[in-house]
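Below: one structure, written as structure tokens.
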Amino acid sequence: MTQRFGFQLHATNGRARTGVISTPRGEIRTPAFMPVGTAATVKAMLPESVRATGADILLGNTYHLMLRPTAERIARLGGLHKFMNWDRPILTDSGGFQVMSLASLRKLTEEGVRFSSHVDGSKHMLTPERSMEIQRLLGSDIVMCFDECPALPATEDEVAKSMRLSMRWAQRSRDAFGDRPGHALFGIMQGGVTPELREESAAALKSIGFDGYAVGGLAVGEGQEAMLGVLDYAPGYLPEDKPRYLMGVGKPDDIVGAVERGIDMMDCVLPSRSGRTGQAWTRRGQVNIKNARHQDDPRPLDENCTCPACRSYSRAYLHHVFRAGEMISGMLLTWHNLHYYQELMQGLRDAIAEGRMAAFVADFHARRAEGDIDPL
């Protein structure tokens, strides 16, 4: 790959931005929502189906793939894109969050994190250098630097100590990443809900220099009000000419609020996880297909939606297959949810480009406030 990673802003409306991230594997329209392919698959979806929803990029998980089937095996088999049959861009996280949330017997040091696998109890050491090596073996297009994700609630001193460790790890990640034309390395801002710590973290990252910048340490239980409060100022600490990625977000109203505040990229397991548990996201809010009110309803989930679940199946059928434990339930509802999320992103991009973001946001909230259609 010789083409360089690039980002071009096309329009702004208030603090909201729309543009394009360029990679050798294709363009990513921003603001972008990235479906999560944890173990080299977006659960219940074929890769071509994910693409059909409008997704330009997927997210893969370093922690899960390093444990099973291992990054070395994936590299021998031609890299993650070939392995999972997805020829467009892939972003991989660093593994830090999963180590903190899933692994047992963790020991954190300046060097990195020693932990036991949640799969088989095997011992592993994850450092900034090892995280960069794993992501290189996977062949990911956008690589995240290795950081620590402190458990909340935490004191300001604990958050500050963790953030400064992450900034030292960011420098080590940058050094280990090297110069890889066609691939990008993103730094991750930390600092909890304290403006001074967020500003200090952003300054440290900018001095190191990255291809993009993430806002980390949010969507970890602090609540939407606190998250949006941080987003009121944190993106402004980051360079305007680089992509801004909010990690692990989220619900549709979280996404709209983040885009309003200048975020360009997001990811979340919610649309696929919700689909497998009988939850559908629509313009009118959330629909619980498990409820008995749907069992005789011949109408689609959303009459204005063009996904296969809404084009060809009734609420009564979706209710039945979920209640019967049939796999098609998770497949159809996941496709619908991912379609809805990508349709929302396209609506946001169009609204920003046309200078009508405020009207779009007002209509978005008004439609959701109406609630689901009345039962028959």
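My numbering applies: residue 197 is where the sequence shown begins, and numbers increase by one.
Where is the CB? At the ideal position from N, CA and C, for every residue including glycine.
Please read all numbers here as calculations on a predicted model, not as lab measurements.
Only counting the same chain, and skipping five residues up and downstream in sequence, which positions put a Cβ closer than 6 angstroms to that of Ala146? In the structure as shown, the chain starts at 197 and stops at 572, and residue 146 therefore has no counterpart that could be examined.
Which word fits Arg200, buried or exposed, when buried means at least 16 other C-beta atoms lie within 10 angstroms of its C-beta? Within the sequence shown, residue 200 is the residue found at index 4, counting from 1. Flag for Arg200 reads exposed.
Option in Gly521, Asp289, Asn484 and Ala476 with minimal Cα separation from Ala505: In the sequence shown, residue 505 corresponds to position 309, counting from 1. Closest option to Ala505, Cα to Cα, is Ala476.
Three-way DSSP call (helix, strand, coil) for Ala550 in this model: As a first step, residue 550 must be located in the sequence shown, where it is residue number 354. Note that residue 550 is Glu in the sequence shown, not Ala. Coil at Glu550, not helix or strand.
On the DSSP bridge assignment, give the partners of Leu276 in chain order. As a first step, residue 276 is located in the sequence shown; it is residue number 80 there, counting from the start. Its beta-bridge partners do not exist; DSSP assigns none.
Same chain, Cβ closer than 6 angstroms to Val465, five either side skipped, listed in chain order: Mapped onto the sequence shown, residue 465 falls at position 269. Once the five neighbours on either side are set aside, the close Cβ partners of Val465 are Val232.
Which value, in whole angstroms, describes the spacing of the CA atoms of Pro332 and Met340? In the sequence shown, the residue the question calls residue 332 occupies position 136. In the sequence shown, the residue the question calls residue 340 occupies position 144. The displayed chain sequence assigns Arg, not Pro, to residue 332. If I take the Cα positions, the gap works out to 11 angstroms.
Report buried or exposed for Phe533, applying the criterion of at least 16 other Cβ atoms within 10 angstroms of its Cβ. Indexing the sequence shown from 1 puts residue 533 at position 337. The question names Phe, yet the displayed sequence has Asn at residue 533. Looking at its Cβ environment, which holds 16 or more other Cβ atoms inside 10 Å, Asn533 is buried.
Within 10 angstroms of its Cβ, does Ser369 collect 16 or more other Cβ (buried), or is it exposed? Position 173 of the sequence shown, counting from 1, holds the residue named residue 369. Its Cβ being crowded by 16 or more others within 10 Å, Ser369 is buried.
Just the C-alpha distance for Gly405 and Ala399, rounded to the nearest angstrom, thanks. Residue 405 sits at position 209 when you count from the first residue of the sequence shown. Residue 399 sits at position 203 when you count from the first residue of the sequence shown. If I take the Cα positions, the gap works out to 10 angstroms.
Report the partner residues of Glu307 according to the DSSP bridge assignment. As a working mapping, residue 307 is identified with position 111 in the sequence shown. None; Glu307 has no bridge partner.
Among the residues of its own chain, which have a CB less than 6 angstroms from the CB of Met359, if the five just before and after it don't count? Here the question's residue 359 lines up with position 163 in the sequence shown. Correct list, in chain order: Gln386, Gly387, Leu393 and Ser397.
Express the C-alpha separation of Gly275 and Leu242 in angstroms, rounding to a whole number. Mapped onto the sequence shown, residue 242 falls at position 46. Mapped onto the sequence shown, residue 275 falls at position 79. C-alpha separation (whole angstroms): 18 angstroms.
Cα-Cα, which of Leu255, Ile485, Leu263 and Pro285 is closest to Leu529? As a first step, residue 529 is located in the sequence shown; it is residue number 333 there, counting from the start. Nearest C-alpha to Leu529: Ile485.
Can you name, in chain order, every residue of its own chain whose Cβ lies under 6 angstroms from the Cβ of Ala410, other than the five neighbours on each side? Here residue 410 is taken as the residue at index 214 of the sequence shown, counted from 1. Once the five neighbours on either side are set aside, the close Cβ partners of Ala410 are Phe382, Ile384, Tyr441 and Met443.
One or two residues paired with Phe382 in a DSSP bridge: The residue you call residue 382 lines up with position 186 of the sequence shown. Bridge partners of Phe382: Met340 and Gly408.
Output the distance between the C-alpha atoms of Arg545 and Val355, rounded to the nearest integer angstrom. Residue mapping note: residue 545 aligns to position 349 of the sequence shown, counting from 1. Residue mapping note: residue 355 aligns to position 159 of the sequence shown, counting from 1. So the two alpha carbons sit approximately 34 angstroms from each other.
With a threshold of 16 other CB atoms inside 10 Å of the CB of Val295, please say whether the residue is buried or exposed. The residue you call residue 295 lines up with position 99 of the sequence shown. It is buried - the Cβ of Val295 has at least 16 other Cβ atoms within 10 Å.
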